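Visitor:
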Amino acid sequence: MLIETFQKRRFLKQSGDILTTSRQCEMGIVYPDVKFQQAYDWLRDQYVKRRGPLDPRQALIWGWPSPYPIEAYQLNPPMDKRVAAVHLWVEVPDELILETNFESWSIILNRLLFDEDSGLTLEKDWEKLFDTKWLEQHEYAYELDANSAQTVFPYIKQEWIKKLSI
Numbered sequence: 001m002l003i004e005t006f007q008k009r010r011f012l013k014q015s016g017d018i019l020t021t022s023r024q025c026e027m028g029i030v031y032p033d034v035k036f037q038q039a040y041d042w043l044r045d046q047y048v049k050r051r052g053p054l055d056p057r058q059a060l061i062w063g064w065p066s067p068y069p070i071e072a073y074q075l076n077p078p079m080d081k082r083v084a085a086v087h088l089w090v091e092v093p094d095e096l097i098l099e100t101n102f103e104s105w106s107i108i109l110n111r112l113l114f115d116e117d118s119g120l121t122l123e124k125d126w127e128k129l130f131d132t133k134w135l136e137q138h139e140y141a142y143e144l145d146a147n148s149a150q151t152v153f154p155y156i157k158q159e160w161i162k163k164l165s166i
């Protein structure tokens, strides 16, 4: 799948064929909020459960199916304009991609339940994030299209980079 991602320029300066991001960049400095840490840890666990093992030292990389809608970029720029950033178009193998819905991910980030009457634990309830039919039926993902899809994956191989813009 062709994915667009925004990374700091130093991301491209790594040696070797595989590009990754340190786990320290995933949380802590960027999001010191404990509830966000729980959400990101849960997502990592879901990645392992649904896709496979992760290097515990590396963060998941966030991306969006291409074309990344310009409206979304204008509403939510992926990086502070003061940061030297690069926009990458990357062909990531489908088996490495875990796709979610942006609006629904916000439920998890805010430690809310999708269904308060289900009797499920918080983290079990959050698994509805991956149940597209349930999300549509309950109007949590009213726009299941490129504007609302987001992805995570563990790394980028240099050969997967199809285009970049600085």
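So the sequence shown is residues 1 to 166, counted in full-length UniProt numbering.
Where a beta carbon is used, it is the ideal one built from N, C-alpha and C, also for glycine.
Predicted model, so just to flag it, every value in this text is computed and none were measured.
Whose C-alpha, out of F36, K49, H87, V48, is nearest the C-alpha of E4?
Guide: As a working mapping, residue 4 is identified with position 4 in the sequence shown. E4 has its Cα closest to that of H87, out of F36, K49, H87, V48.
Visitor: According to DSSP, is F11 helix, strand or coil?
Guide: The sequence position of residue 11 within the sequence shown is 11, counting from 1. Correct three-state label for F11: helix.
Visitor: Which partner residues does A149 have in the DSSP bridge list?
Guide: Position 149 of the sequence shown, counting from 1, holds the residue named residue 149. DSSP output for A149 lists N101 as bridge partner(s).
Visitor: Buried or exposed for I107, going by 16 or more other Cβ atoms inside 10 Å?
Guide: Taking the first residue of the sequence shown as 1, we reach residue 107 at position 107. Result: buried.
Visitor: Nearest by alpha-carbon distance to Y140: which of L113, K124, F153 is it?
Guide: Within the sequence shown, residue 140 is the residue found at index 140, counting from 1. Nearest option by C-alpha distance: L113.
Visitor: For T132, which of helix, strand or coil comes out of DSSP?
Guide: As a working note, residue 132 is residue 132 in the sequence shown. Residue state, collapsed to three classes: helix.
Visitor: Between which residues of its own chain and W64 is the CB-CB distance below 8 Å, once the five residues before and five after are set aside?
Guide: Stepping through the sequence shown from its first residue, residue 64 is reached at position 64. Result list for W64: I3, E4, T5, A72, A146, A149, Q150, T151, in chain order.
Visitor: If the criterion is Cβ atoms closer than 7 Å, does the pair K157 and D45 meet it?
Guide: Here residue 157 corresponds to residue number 157 of the sequence shown, with the count starting at 1. Here residue 45 corresponds to residue number 45 of the sequence shown, with the count starting at 1. Contact flag unset, no.
Visitor: If distances are taken between C-alpha atoms only, which option among L135, T20, E136, A84 comes closest to A59?
Guide: Sequence index remark: in the sequence shown, residue 59 carries index 59 (1-based). Per the Cα distances, T20.
Visitor: Starting from the C-beta of S104, find all residues in its chain whose C-beta is less than 7 Å away, skip the five residues before and the five after it, and write them out in chain order.
Guide: Residue 104 sits at position 104 when you count from the first residue of the sequence shown. Correct list, in chain order: L129, L135, Y140, A141.
Visitor: Check A85 in the structure and name its three-state DSSP category.
Guide: Taking the first residue of the sequence shown as 1, we reach residue 85 at position 85. Strand.
Visitor: Between the C-alpha atoms of I161 and E91, what's the straight-line distance to the nearest angstrom?
Guide: Here residue 161 refers to the residue found at position 161 when the sequence shown is read from its first residue. Here residue 91 refers to the residue found at position 91 when the sequence shown is read from its first residue. Whole-angstrom Cα-Cα distance: 7 Å.
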